[in-house]
Structure formats: structure tokens, C-alpha cells
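Numbering (UniProt numbering), first residue to last: 1 to 146.
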């Protein structure tokens, strides 16, 4: 019962706040604003005359469009440095660049792999020298995820 009253009160406050935030428009204002507004096409043509062929309205690039552009691009020669290629093309492939930074990077240290080898050394000793490989994997997994 109280939650229903609270919801009604919140709706009432929001509607009052929305009414206060919106300015009232009179008939005179609407007539003058209609005559003073310019169509959007004039702005584009002004930009074109100002910047010429350099001006281009950017459309939002969808992930599908970016992926199709990635597929259409020429393959990179194997002798080129991939980091240089990403630096040059990161503006064209924004989403792909973010993914590459997240998933194609190498860890800065080899400590995690060394810890796994040391855990395997502790698990496999002279008393447990011939366990099944699946059991070794499970024991290492359990040891490292405590």
C-alpha cells in the first residue's frame, strides 16, 4: 500500500518538475520562431561553401559497417610491423582497435605461467608421479582458483 502511494507521489513530483522545466510558448512566440528558423539544408550548404570539398558530414559507423570495411581492406604484408599498422589505421577501425588492445596484447610478465609450473611441481611429486593428465589439470585448476 505504501509503495503505491510512493509511486504516485514520485509521478506527481516528476510531472510537476517537468511542467516547471518546460517554458510556456505563446502564439506570438510560435509565429516569430517559425519565421526566423532556417531550414537545416542551409547550414549544410554554408558548410560546403565555407570548406568546399573538405567538409563531409560524418555518419555514425555501425559495427556491421566497420566489419565490412575491415574485410574489404587489403591484406598487410607479413614483413610490416602490426603495431605500426594499428597506429596508422586506428581512426578507421575504432572498435577493432579497442578489441585488439584488449585481446591481442601479451602479458607484461611471465609470472602467471611460472606459478602454474610451480603448482604442477608441487602437485606432481615422487609419491604422485603417474596420475592421469585430466586429474593433473583438475588439481592445478583447483590449486590456482582457491
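Glycine residues also receive a C-beta, built at the ideal position from the N, C-alpha and C atoms.
Residue i versus residue j - alpha carbon distance
| i | j | result |
| --- | --- | --- |
| residue 81 | residue 98 | 18 Å |
| residue 137 | residue 145 | 12 Å |
| residue 85 | residue 108 | 21 Å |
| residue 139 | residue 112 | 16 Å |
| residue 131 | residue 104 | 35 Å |
| residue 76 | residue 87 | 14 Å |
| residue 116 | residue 68 | 40 Å |
| residue 126 | residue 133 | 16 Å |
| residue 50 | residue 93 | 29 Å |
| residue 61 | residue 91 | 12 Å |
| residue 71 | residue 110 | 34 Å |
| residue 128 | residue 141 | 17 Å |
| residue 73 | residue 79 | 17 Å |
Under 7 Å between C-beta atoms of residue i and residue j
| i | j | result |
| --- | --- | --- |
| residue 63 | residue 95 | yes |
| residue 119 | residue 143 | yes |
Beta-carbon contacts of residue i that lie in its chain and below 8 Å, excluding the five residues immediately before and after
| i | result |
| --- | --- |
| residue 114 | none |
Chain-order list of residues whose beta-carbon lies under 6 Å from that of residue i (same chain, five-residue window excluded)
| i | result |
| --- | --- |
| residue 66 | 95 |
Contact set for residue i: own chain, Cβ-Cβ below 7 Å, skip 5 residues either direction
| i | result |
| --- | --- |
| residue 25 | Legend: pLDDT at residue 25 = 47, less than 50; position of this residue unreliable, value from coordinates given subsequently. Contacts found: none. |
| residue 8 | none |
| residue 4 | none |
| residue 89 | none |
Where in the UniProt domain "HAT C-terminal dimerisation" (71-145) do unbroken runs of the alpha helix (DSSP H), each at least 4 residues long, occur, reported from the N-terminal end onward? Listed in chain order, they are 82-89, 94-103, 111-123 and 133-144.
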